[in-house]
Every structure is written in C-alpha cells, then in structure tokens.
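Note sheet for the following structure.
In this note's numbering, the protein residues as written are 149 to 250.
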C-alpha cells in the first residue's frame, strides 16, 4: 500500500532539510515542495503566513517513521502532519516501493 504524507514548514530551508533527510533515509521516494499562503487560527488569533507545503510519496508502512522524523526536525509546536492512502499507475508505485527499500 502507498501513501502521501502532507506537512507544511516555515520556509524553504526547513522544507529542504526535512525532504533531504526523508529521501536519504529511504523513508520517502519523492518530496514535492510547493509555496503556499496559509490562514489559520492560533492561540485565539487569525494568522496569515507564507509556508512551504510538502507532499511526501511513500509506502504506507513508513508513514509512522516519517511522522516521527518530521516531529523531531520541525520548528513548529504543532506541525500539520496528514496522510492518506493512494492508488496509482503500477510502474510509478513500483518505483516508490523500490526507492524506499533499504
């Protein structure tokens, strides 16, 4: 089974640091980074920030390890870490599997 893990970071530097670690450790096959504008409630106030969103392509069995890695490396008190299972083209999914095999 395969999953995408989604998180956001404060800037490109933090995003790249997390992405490189996940790929180097073979927890992720690929991490896409997207600049986004976020509006959210934090401690009773509406906040607005420019962030970098990460879409992390992986196998479902690695989601927990990815979550722990993000939590260790992240600067936010409460990082958004969301995952969902995916389906896709067979050869691409095989590439994800091959890329995350130690």
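Each residue gets a CB set at the ideal place from its N, CA and C atoms; glycine is no exception. Since the structure is predicted, the reported quantities are computational estimates derived from the model, not experimental observations.
Whole-angstrom distance between residue j and residue i, CA atom to CA atom
| i | j | result |
| --- | --- | --- |
| residue 171 | residue 234 | 19 Å |
| residue 237 | residue 150 | 11 Å |
| residue 173 | residue 225 | 24 Å |
Same chain, Cβ closer than 7 Å to residue i, neighbours up to 5 away in sequence not counted
| i | result |
| --- | --- |
| residue 163 | 157, 181, 200, 202 |
| residue 188 | 195 |
| residue 159 | 200 |
Residues near residue i in its chain [Cβ-Cβ closer than 6 Å; skip 5 each side]
| i | result |
| --- | --- |
| residue 175 | 210, 213, 214 |
| residue 184 | 199, 201 |
| residue 197 | 186 |
| residue 241 | 150 |
| residue 246 | none |
DSSP state of residue i mapped onto helix, strand, coil
| i | result |
| --- | --- |
| residue 191 | coil |
| residue 231 | strand |
| residue 222 | coil |
| residue 177 | coil |
| residue 159 | coil |
| residue 239 | helix |
Residues near residue i in its chain [Cβ-Cβ closer than 8 Å; skip 5 each side]
| i | result |
| --- | --- |
| residue 155 | 166, 201, 202, 204, 218, 222, 227, 228, 229, 230 |
Rounded distance between the beta-carbons of residue j and residue i, thought under 8 Å
| i | j | result |
| --- | --- | --- |
| residue 248 | residue 207 | 5 Å |
Cβ pair residue i, residue j closer than 8 Å
| i | j | result |
| --- | --- | --- |
| residue 177 | residue 243 | yes |
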